[in-house]
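Trainee:
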Amino acid sequence: MASHRRLRLRLLLLAATLAAAAAAVAGVEEEEAFCGVESMPDAATLRPDRLTVLLSGYSERRLPLLRAIAGAYAAHPLVLAVVVLWSNPSTPDSLLSSFPPAVTLHRTASASLNSRFLPHPSIRTAAVAVADDDVLPDAAALSFAFAAWQQRARPGTLVGFFPRSHHLDLARGRWAYGAAARQQARYSMVLTKLLVLGAGLLREYSCSPELAAARAVVDRERNCEDILMNFVAAEESGEGPVLVEAGSIRDWGDPRNDDADAGAGAGGEEMKAVGLSSTGGAAHWEKRGDCITEFHRLLGRMPLRYSYGKVVAAAGGEQALCSKRGRLVRCDQELL
């Protein structure tokens, strides 16, 4: 009996290994297809006055919310196109219907987090907004971020709403990942929960042979694709990202949502638990520090640069909105 259990366990491990290998091969083949010269748009033809939105999706339970978010983006006057990159290969086609007509759905070849930065051939704008499937800015927030990106108009510029930082842990001889330093208003990364970047960064991230080993780290850890994009952008620009504050952003995935009113047919706790990337408290932050250290080792340099301050549309504080006791309030607001 024990020998049968051991054999079954070995077979399961072998199947998992083969599945992971197949997914990796599929992801590489997809990257190669999107990175060919024939798929490269002429930069001179990319529209500077409009945005393309890339939405990442994986959880079938989030599909009602994803459809609503995609429709809201498509209705924004500055958005030329919305592309949903669906990264769950096991989802039946029948579940992926009913997206608004203005939304393009692309099923990626694997569940790789690297797929969220695929240089999709439908992109016809110089700027791209990359967003999660549980975050929605209001019209003012998206417009302001795009305007901030246009004002910089430099290769490699990242404009985002959610800052993070890194520092050298001298005692352990490694890089550490953490929240932005509020006292100094210092940060070195912005999360891809919602950011605006140049279309060229998607191709650099997905197609650069030098980044192949780093992309493999993302696949192995199921994490850190946003950190790697910040590496790519800082390498291109020689500068840190731009933090903006404007309007409001509904964030269904924020852990400060304290009730089941997640909207669009999913409970609050479910919304926090069905994402694709690995999470888990302190271990999550530790893992992301490991990613920074590994990316530094693989590239042989540390391109991340610190930024200070932020570009603000109007006086305010916390931008993210959470559901608390049945009310939609700023996530940092404590209800009495």
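Going letter by letter, the sequence shown gives residues -27 to -1, 1 to 309 in mature numbering (1 follows the signal peptide of the UniProt record, and there is no 0).
Idealized CB from N, CA, C, for every residue including glycine.
As the structure is a computational prediction, the values presented were derived from the model and not from experiment.
(1) Go through the stretch 166 to 199 residue by residue and report every complete run of the beta strand (DSSP E) that reaches 3 residues or more, in order.
(2) In or out: residue 231 buried (at least 16 other Cβ within 10 Å) or exposed?
(3) Excluding the 5 residues flanking residue 267 on each side, which residues of the same chain have their C-beta closer than 7 Å to its C-beta?
(4) Skipping 5 residues on each side, what residues in its chain have a beta carbon closer than 6 Å to that of residue 75?
(5) Mind checking which residues open and close the alpha helix (DSSP H) that includes residue 259?
(6) Classify residue 164: buried if its beta carbon has 16 or more other beta carbons within 10 angstroms, exposed otherwise.
(7) To the nearest angstrom, report how far apart residue 210 and residue 42 are at their CA atoms.
(8) What residues match up with residue 224 in a beta bridge as DSSP calls it?
(9) Would you identify the three-state DSSP class for residue 23, choosing helix, strand or coil?
(10) Counting only the same chain and skipping the five closest in sequence on each side, list residues whose C-beta sits under 8 Å from that of residue 53.
(11) How would you label residue 217, buried or exposed, when you count the other beta carbons within 10 angstroms and need 16 or more for buried?
(12) Would DSSP call residue 130 helix, strand or coil?
(13) Inspect the beta-carbon positions of residue 286 and residue 117 and report whether they are closer than 7 Å.
(14) Where do the N-terminal and C-terminal ends of the beta strand (DSSP E) with residue 91 fall, by residue?
Mentor: Straight from the coordinates:
(1) 167 to 171
(2) Counted from its first residue, the sequence shown places residue 231 at position 258. So residue 231 ends up on the exposed side.
(3) Position 294 of the sequence shown, counted from the first residue, corresponds to residue 267. Only 190 meet the Cβ criterion.
(4) Counting from one through the sequence shown, the residue named residue 75 turns up at place 102. Taken in chain order, the residues that qualify are 47.
(5) Stepping through the sequence shown from its first residue, residue 259 is reached at position 286. From DSSP, the alpha helix (DSSP H) with residue 259 extends over 254 to 272.
(6) Counting from 1 along the sequence shown, the entry for residue 164 is found at position 191. The residue is buried, with at least 16 neighbouring Cβ atoms inside 10 Å.
(7) What you label residue 210 is simply residue 237 of the sequence shown in a count that begins at 1. What you label residue 42 is simply residue 69 of the sequence shown in a count that begins at 1. Distance between the alpha carbons of residue 210 and residue 42: 31 Å.
(8) To locate residue 224, count along the sequence shown from 1; it is residue 251. DSSP, once it has assigned bridges, lists 108 as partnering residue 224.
(9) Locating residue 23 in the sequence shown gives position 50, counting from the first residue. If DSSP states are grouped into helix, strand and coil, residue 23 belongs with the strands.
(10) For this step, residue 53 is matched to residue 80 along the sequence shown. Taken in chain order, the residues that qualify are 20, 23, 24, 25, 97 and 98.
(11) Looking up residue 217 in the sequence shown gives position 244. Buried, since its Cβ has 16 or more Cβ neighbours within 10 Å.
(12) The residue you call residue 130 lines up with position 157 of the sequence shown. Residue state, collapsed to three classes: coil.
(13) Reading the sequence shown from its first residue, position 313 is the one you call residue 286. Reading the sequence shown from its first residue, position 144 is the one you call residue 117. Their beta carbons are under 7 Å apart, which means residue 286 touches residue 117 by this criterion.
(14) Position 118 of the sequence shown, counted from the start, is the residue given in the question as residue 91. First-last for residue 91: undefined, no H or E at that position.
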